[in-house]
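Have a look at the structure below before the remarks.
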Amino acid sequence: VLLTSTLEKEATHQIETSLRRTFHTHDLHITAFAPIVYEVFKNLYPHQEDFIVLDVSGSGTDMVMVKRGLLSAVVAIPLGTHELCSKVRAAGARTHIDSDALIPEPVNEEFEKACEEIQKGWIASLHAAFLRFSTKEALPRTIFLLADAEVRPYIKRILDERELKS
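Residues 1270 to 1435 (the working numbering) are what the sequence shown spells out, left to right.
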């Protein structure tokens, strides 16, 4: 399996130059999320050979699958907590992350419908990513969740949804 990500040589050079000037350092190595998270979890849990790391950030959701101790697959979903909250605001409610309900209680039927659609879209994206992983190999039983403390209960609840359990 070959996993790769590319960045234009000139863009890489400009980024490195800016970082060197800003932080007065010359020891820089540009890398990607998947190899770093793989190394970290492989070292933290050396006896865990099969797992998925689910990283839910404000800007997106990244999934990394490790099978038999090797980096097996990577999926990036362009939906994160900021996107979910902004869609809810667009549907007509203010939101902030302060409980296990990232999406607030419905204020009326129309808003409730909009919130359900937003959640369903994200769940569908997660479901598609898990399906993509499962077409190659059986899914691991262990999922490591990387997310801000405020959104973890919400994400755990979403992961327990029937659509994802199957």
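Quick reminder that beta carbons are idealized off the backbone N, C-alpha and C, glycines included. Just so we're clear, the structure is a prediction, and the values are computed from it rather than from any experiment.
Nearest-angstrom Cβ-Cβ length linking residue i and residue j, presumed shorter than 8 Å
i	j	result
Asp1296	Leu1415	Wrong, their Cβ atoms sit about 26 Å apart, outside the cutoff.
Tyr1307	Val1333	6 Å
His1396	Leu1428	Incorrect: roughly 11 Å between the Cβ atoms, too far for contact.
Segment limits, beta strand (DSSP E) that includes residue i
i	result
Thr1330	1330-1336
Leu1323	1320-1325
Val1344	1339-1346
Leu1313	Unbroken run through Leu1313 is the alpha helix (DSSP H), 1302-1313; no beta strand (DSSP E).
Leu1415	1412-1415
Residue from the options whose Cα sits closest to the Cα of residue i
i	options	result
Lys1311	Phe1413, Tyr1423, Ala1418	Phe1413
Ala1418	Ser1403, Thr1350, Lys1389	Thr1350
Ala1303	His1293, Val1335, Tyr1423, Arg1426	Val1335
Glu1406	Gln1283, Glu1430, Arg1426, Arg1337	Arg1337
Gly1390	Thr1294, Leu1288, Leu1353	Leu1353
N-terminal and C-terminal residue of the alpha helix (DSSP H) that residue i is part of
i	result
Leu1288	1278-1292
Leu1428	1421-1428
Close Cβ partners of residue i (< 7 Å) along its chain, the five nearest in sequence each way excluded
i	result
Gly1327	Gly1349, Thr1350, His1351
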